[in-house]
Amino acid sequence: MAYDHKEIEKLAREKWAVLDLYKIDLSAGEEERYYLLVEFPYPSGDLHIGHWYAFAVTDMYARMLRAKGKNVFFPIGFDAFGLPAENAAIKNGADPKEWTYKNIERMRGQLATMGASFDWSKEVVTCEPSYYQWTQWLFAKLFEHGLAERREAAVKWCPKDQTVLANEQVVDGVCERCGTPVEEKRLTQWFLKITNYADKLLTGLDTLPWREEIKEAQRAWIGKSEGAKLRFSTRFNLVPNDGVDIEVFTTRPDTVFGATYIVLAPEHALVKNLIEGRLASLTNAGEIEKYVEATKKKTEKERSENKEKTGVKLKGVSAINPATKEEIPIFIADYVLGSYGTGAIMAVPAHDERDREFAEKFNLPILEREFANWDTISGIGGERTTQYRIRDWLVSRQRYWGCPIPIVYDPEGKPHAIPAEHLPWLLPTDVDFKPTGKAPLASSQELKDRVTKIFGEGWTPEYDTLDTFVDSSWYFLRYLDTKNTNNFSSAELMKKWLPINRYSGGSEHTTMHLLYARFFMKALYDLALVPVDEPFNERFNRGLIMGPDGAKMSKSKGNVVNPDEFVEKYGADAVRIYLAFIGPYNEPRSCPWSMEGVASMRKFLDRVARMVELAKNQSDPDAFKYFMKSNLFVSITRTLKKVTDDGNRFKFNTGVAALMALLNEFEDSQNKNIVEHNGACMFIIMLAPFAPHLAEHLWEELGNHGSVHQQSWPTGAIIASSEVEVVVQVAGRRRGSIRLPSETGEAEALAEALKIPAVSAALAGKEPKRII
RNA sequence: GCCCGGGUGGCGCAACUGGUACCCGCGCAGCCUUGAGGUGGCUGUGGGAGCAAUCCCGUGGAGGUUCGAGUCCUCUCCCGGGCACCA
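This is the structure we're talking about:
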């Protein structure tokens, strides 16, 4: 180890702190602004390699932009509410608040070792009352404008975490967090009406320069289907005109002639009424009820995995196809979902694979017919409609460690937003954490007393807390004005700094956080609270760092890479540069961690230090003149262009490769006793974003003043070499190469090329077409 | 099943609008350094034939366009991700 990384890195960070290098005055600066954002971490207590990949590599971009004269805002904070703190409280009796703050403190230290150029003066911590006050204020705004509402709904319930989950937090029928199969419950809960924005969220995507795969994932999640609603009248107890209408949604109203039966989802409201005999007497009500109960027991996953069609005919009722006037049977079957469309379909076995399967099993007619045109469809009462797959965002959580929902209920049970003067609506501390399925806040006497005191006898508090995704849906607005006590952010600064230029994060957030934050922005835009309706201009989903065995890191596999160990052994700069080198950052892909790889990055940095050692002792007064004429100077300008271009594209892997190639050239030229002090300085400036600590040290070693991180990115012109190498191809194959002065004409060059034996042989007497 | 990505040496990868395929690094081999080992340094490293200059083959597979294809077109196989009994 040629240099003492511990000492150098410590000194460099001290120097930056003294110079207060990364503090930014957001209201000042004529330079072009650049808001660079990375998803803020959850304070789990340990900074893992994924955090390094997220922050250290993005920091390179921040440093490069600053050197290029941009006014760069690169903030950091903590997404501090959430289940793990509470689980620690349940398990070890810890105070969730203390547990969280202890972890934040520890992670601040770990983040500091990264050498990232965060502006810590604008840190945001979502569990601070000064932050969640505004989460509550924004929720109240949404409530006032009908975008937050309380209603009973079938919700996903995690029996282990004892809380409801958002649709997005259920993956393949299990809790995204703990893997427990979710249950369905009917509960009265708070929803944010993201469905109101389904279309805006969809069309907004067209304006964003995101990778197609991210846009496609969001489009699929929103799931727009255009079709029509049709009404089928029914006959109860075989008495004409006795029934109610069944509304169905179809994307193929033109196939209505082929509709030979109706299917209701077991959850359909009509089914319940029929079983209970309120509308008509079914001759097989018991059988129907059994089927409905059986369906309830299945998880959504089981329901979708079992492709074998099941169902029961409703005996005693039938429907009329409005196009054919034929009487057709009604079934209930679990292949129709209560949560989509109207919960009822017209089955067209001739045109739908699922309907065909069902029809074959139940011996129902399959009718190939003519197609209906729109005149016919509207003639039978069809209306064009659009359906979305996306559901409203369920934000109630029966957990403690979250932002209290700022709602109180009057004696009639009607919800009211807590007025702004009572915000922050503090999270009570006299709470029993044991999960009972009831909200822990219900055990707080202080909360009840508080409500009575402020609002009067008979008023009651809301006991649920908000999904933490609400906290993180606007944190990037707060970063701009963290100390504001009068508003959630500054209108002026939002106008100057939004939208965020580049946002990077994990691909798992594509249909969660990223969608929620876009919804928030659009809703706040419509309330005239923010100046733009899309928060993020560019978005990068970063890849995953795998274990050395190529498998996803997990404690059970024992392949977890602890960055602290490598920082200890090789230094933060080596870890940073390895992460930059591992692959292209702008394409999400998984890369295995390589022990030897990190070691080799340290070797590279040691060689750089040695090169500087030689360069700094340079004493030849003519060295500069010599250097300017050298091939090395040409190489430096070429490398500069490469590192600059690659940096713009987030391709740090090839940027580092170019620096390595340049170092090889430096070493070759040093062997010839050419020592280039100026060249070394340029090299160090280019190295600075990647290895900021070592670059700072070597910058001083070379006798420079100030910080290398305050230097402007060089914009050297490319010096053309006087000779160029020309490759000669015949029939698309390389036949040789010649070195010619760059001003050589075409005819001359052709004549030279023909002198190569392989060229004339390959041409075999034929005339050369052209020179390329 | 549908929709996105992506398949290049033993490995991670590189190759701007079609123009020297494999930059840079890992690994491996040989040599130097060392008492030995490691570290460090130098050289070599896609496959095949040849003493050699050199030649042939080579970017998942099969065709095609082109003077020229990793790159463009058609079909196909495999891997990763998203959605999925969504009517």
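All residue numbers for the first sequence refer to our numbering, where the first residue is 1257 and numbers rise by one. Positions of the beta carbon are idealized from the N, C-alpha and C atoms, including for glycine.
Do residue j and residue i come within 9 Å of each other at the CB atom, strictly closer than that value?
i	j	result
S1300	E1748	no
G1637	F1505	no
V1788	F1822	no
L1570	A1521	no
P1804	L1754	no
S1728	F1296	yes
I1633	D1510	yes
Q1474	T1716	no
E1405	F1399	yes
Y1388	A1779	no
L1771	L1535	no
G1799	Y1309	yes
N1818	I1305	yes
I1478	R1645	yes
M1370	D1302	no
T1895	A1914	yes
P1691	D1417	yes
R1319	P1945	yes
S1968	W1955	no
G1658	L1682	no
F1908	M1316	yes
L1293	S1760	yes
According to DSSP, what are the bridge partners of residue i?
i	result
V1573	F1492
W1413	V1420, E1439
E1405	F1447
S1652	L1722
C1431	V1426
I1663	A1673
Q1643	S1481
V1707	BP columns for V1707 are empty, so no partner.
T1459	DSSP output for T1459 lists no bridge partner at all.
R1487	E1503
G1333	V1380
V1568	I1588
What whole-angstrom Cβ distance do residue i and residue j have, given they're in contact under 8 Å?
i	j	result
A1828	H1949	6 Å
V1527	V1500	Actually they do not touch by this definition, with Cβ atoms about 12 Å apart.
L1679	W1466	Going by Cβ atoms, the distance from L1679 to W1466 rounds to 35 Å, so no, they are not a contact pair.
V1519	I1544	About 13 Å; that fails the 8 Å criterion.
What are the boundary residues of the alpha helix (DSSP H) that residue i is part of?
i	result
S1760	Here S1760 belongs to no alpha helix (DSSP H); instead the beta strand (DSSP E) covers 1756-1762.
L1398	1385-1400
Y1841	Careful: Y1841 lies outside any alpha helix (DSSP H) and carries neither H nor E.
R1362	1352-1369
A1268	1261-1275
A1600	No alpha helix (DSSP H) contains A1600, which is instead part of the beta strand (DSSP E) from 1600-1603.
F1744	Where F1744 is concerned, there is no enclosing alpha helix (DSSP H), given that its DSSP letter is neither H nor E.
Y1781	1769-1782
Q1967	Taken as a continuous stretch (DSSP letters only), Q1967 belongs to no alpha helix (DSSP H), as it is neither H nor E.
I1633	1630-1635
A1341	1339-1348
E1713	No alpha helix (DSSP H) contains E1713, which DSSP labels as neither H nor E.
H1524	First-last for H1524: undefined, no H or E at that position.
L1950	1948-1957
D1611	1609-1617
K1552	1541-1553
H1933	1933-1943
L1733	1731-1734
Over the uninterrupted beta strand (DSSP E) stretch that includes residue i, give me the two end residues.
i	result
L1593	Unbroken run through L1593: none, as it is neither H nor E.
V1504	1502-1506
F1329	1327-1329
P1585	1583-1588
Y1517	1517-1520
Practice problem: Starting from the N-terminal side, write out each stretch of the beta strand (DSSP E) that is 3 residues or longer and does not extend beyond the stretch 1784-1851. | Solution: 1792-1798
Exercise. Ignoring anything shorter than 4 residues or poking outside the stretch 1289-1331, list the alpha helix (DSSP H) runs there in chain order.
Key: DSSP runs (the alpha helix (DSSP H)) wholly in the stretch 1289-1331: 1305-1323.
Practice problem: Could you name each continuous beta strand (DSSP E) segment of 3 residues or more that falls completely within the stretch 1871-1917, going from the start of the chain to the end? | Solution: Listed in chain order, there is nothing to give.
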